[in-house]
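*Asks:* Handing you a structure now.
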Amino acid sequence: MPETARQADEHQHASRRQVARDLVDLGTVLIRNGGDEVAVRLVDLSRKGFHARCASPQFARGDVVTVRLPLVGFIPGRVMWGLKGCFGCQFSVPLDERTYLRLLARIRAQTPPAPASPAG
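To convert, note that position 89 of the sequence shown is 119 in my numbering; the numbers rise steadily by one, no gaps.
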């Protein structure tokens, strides 16, 4: 499949998510299958997975990864789609609701509020 068609297919897959995701802004570490650590920024999160951005290597569908999350530590998962600079991952085991809500509260407490826009 040509690269542009493959990218369109992966983007379409990402838009068919079965679980609503919460917007977050969390810098963390992800470990690739080979043991390489990669700095990533989570931009949305759900009990079942996340969407992240990264400056370095591209991730491909099927890549096995482990992500570090506050309160819960390292969580394994699998890349479901990847484009240059971003990818989506599904956790191997979904987080339970209580743990997820605590995690989300911790992430939001760590994230500084967005600057107020100047009055026009």
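Note that CB positions come from ideal geometry on N, CA and C, so glycine has one too.
Just so we're clear, the structure is a prediction, and the values are computed from it rather than from any experiment.
DSSP three-state label for Ala50, please.
*Replies:* As a working mapping, residue 50 is identified with position 20 in the sequence shown. Residue state, collapsed to three classes: coil.
*Asks:* Quick one, which of Ala50, Arg91, Ala69, Gly79 has its alpha-carbon nearest Gly112's?
*Replies:* If you number the sequence shown from 1, residue 112 lands on position 82. Nearest C-alpha to Gly112: Arg91.
*Asks:* Does DSSP put Met31 in a helix, a strand or coil?
*Replies:* Looking up residue 31 in the sequence shown gives position 1. Unreliable placement is indicated for Met31, whose pLDDT of 45 sits below 50; the coordinate value is still reported in the next sentence. In this structure, Met31 counts as coil in the three-state DSSP scheme.
*Asks:* Tell me whether Thr58 sits in a helix, a strand or coil according to DSSP, three-state version.
*Replies:* Taking the first residue of the sequence shown as position 1, residue 58 is located at position 28. Correct three-state label for Thr58: strand.
*Asks:* Quick check: what's the CA-CA separation for Met31 versus Phe80?
*Replies:* Working through the sequence shown from its first residue, we reach residue 31 at position 1. Working through the sequence shown from its first residue, we reach residue 80 at position 50. With a pLDDT of 45 at Met31, under the threshold of 50, the modelled position of this residue cannot be trusted, and the question is left open.
*Asks:* Compute the Euclidean distance between the alpha carbons of Leu133 and Leu101, then round it to the nearest angstrom.
*Replies:* Here the question's residue 133 lines up with position 103 in the sequence shown. Here the question's residue 101 lines up with position 71 in the sequence shown. If I take the Cα positions, the gap works out to 6 Å.
*Asks:* Taking Phe117 as the reference, give the member of Pro124, Pro87, Leu131 with the closest Cα.
*Replies:* Here residue 117 corresponds to residue number 87 of the sequence shown, with the count starting at 1. The candidate whose alpha carbon is nearest that of Phe117 is Pro87.
*Asks:* Using CA coordinates, which residue listed in Ala50, Tyr130, Gly65, Ala85 is at the minimum distance from Gly57?
*Replies:* Reading the sequence shown from its first residue, position 27 is the one you call residue 57. Per the Cα distances, Ala85.
*Asks:* Is Val94 near the ligand ZN - that is, is its Cβ less than 6 Å away from at least one heavy atom of it?
*Replies:* As far as ligands go, the structure on display features none, and thus does not contain the ligand ZN.
*Asks:* In angstroms, rounded to a whole number, what distance separates the CA positions of Arg136 and Pro124?
*Replies:* As a working mapping, residue 136 is identified with position 106 in the sequence shown. As a working mapping, residue 124 is identified with position 94 in the sequence shown. Each residue's Cα considered, the two are about 18 Å apart.
*Asks:* Return helix, strand or coil for Ala82, following the three-state DSSP convention.
*Replies:* Position 52 of the sequence shown, counted from the first residue, corresponds to residue 82. Ala82 falls in the strand class under three-state DSSP.
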